[in-house]
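Residue numbers (UniProt numbering): 1 to 202.
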């Protein structure tokens with residue numbers, strides 16, 4: 001069973017508020033439709049691009065993996081990432097959000113589908129709320145949906161591209177020191193072995 005996080009509401013006039021809420025429902029329903037299309041489409045085995053990242057490889061920043069697909073046509077992004085509960089996982093999500101906002105000039109919504117942290121869900125909730133408020137300042141609404149049974153890791157862009165990474169967003173290795181290359185520019189960060197498949201829904 002899924003449950004949606006509460007949506008922060010502004011205080012516009014009733015007409016604008018109703019229009020805004022209607023658009024949110026439309027985007028949510030569209031995200032579910034896209035997921036169904038992805039399920040059917042993947043069974044055909046059609047892949048637009050494919051990369052194998054060997055253990056210890058560098059040069060696989062989010063900009064390289066996602067950048068070419070994050071165009072101005074992207075208005076919505078659905079991130080399916082089961083594990084967002086440790087500090088480095090939150091940092092990776094923030095870094096992904098930074099790239100999305102920078103690259104997708106017409107981005108309006110980011111939705112995260114993840115698993116609720118059972119032991120420390122207050123911290124998880126606070127982190128998501130902080131990111132929500134930060135994205136809102138950039139004109140982007142952020143939603144979190146919790147699942148108890150998800151396993152897939154993929155990013156679905158509303159321009160038709162779906163990026164599946166075996167390890168999800170968390171394929172980077174920790175750096176040996178905070179003063180070495182890769183501390184901030186992940187182009188220099190070593191990666192764990194994983195596969196990246198890119199699909200396109202025409």
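Glycine included, every Cβ here is placed at the ideal spot set by N, Cα and C. These numbers come from a predicted model, not from an experiment.
Query: Residue from 83, 101 and 169 with nearest C-alpha to residue 146; Result: 83
Query: Every unbroken alpha helix (DSSP H) within the UniProt domain "MITD1 C-terminal phospholipase D-like" (59-199), with a cutoff of 4 residues, ordered by chain; Result: 62-66, 87-103 and 121-136
Query: Buried or exposed (CB count within 10 angstroms, at least 16 for buried), residue 165; Result: buried
Query: Close Cβ partners of residue 150 (< 7 Å) along its chain, the five nearest in sequence each way excluded; Result: 80, 82, 113 and 115
Query: Buried or exposed by the 16-neighbour rule on C-beta atoms within 10 Å, applied to residue 45; Result: No answer about residue 45 holds up, because its pLDDT of 46 lies below 50 and its placement is not dependable.
Query: Cutoff 8 Å; reference residue 71; Cβ partners in own chain excluding five residues on either side; Result: 103, 104 and 159
Query: Straight-line gap, residue 196 to residue 96 (C-alpha atoms, nearest Å); Result: 16 Å
Query: Counterpart residues of residue 55 in DSSP-defined beta bridges; Result: According to DSSP, which records beta bridges pairwise, residue 55 is partnered with nothing at all.
Query: Residue environment, residue 191, which counts as buried when at least 16 other CB atoms sit within 10 Å; Result: buried
Query: Residue 128 versus 183, 90 and 155, residue with shortest Cα-Cα distance; Result: 90
Query: Of the listed residues 74, 174 and 67, nearest to residue 99 (C-alpha basis); Result: 67
Query: Among 198, 111 and 187, nearest to residue 57 - alpha-carbon criterion; Result: 187
Query: Presumed contact (8 Å Cβ cut-off) between residue 205 and residue 193, rounded CB distance; Result: An answer regarding residue 205 cannot be provided, because it is not within the stretch 1 to 202 covered by the chain.
Query: 8 Å contact criterion, which residue 111 and residue 161 should meet: CB distance rounded; Result: Between residue 161 and residue 111 the Cβ distance is about 16 Å, and since that is not below 8 Å, they are no contact.
Query: Beta-carbon proximity check, residue 198 vs residue 155, cutoff 7 Å; Result: no
Query: Under 7 Å between C-beta atoms of residue 138 and residue 101; Result: yes
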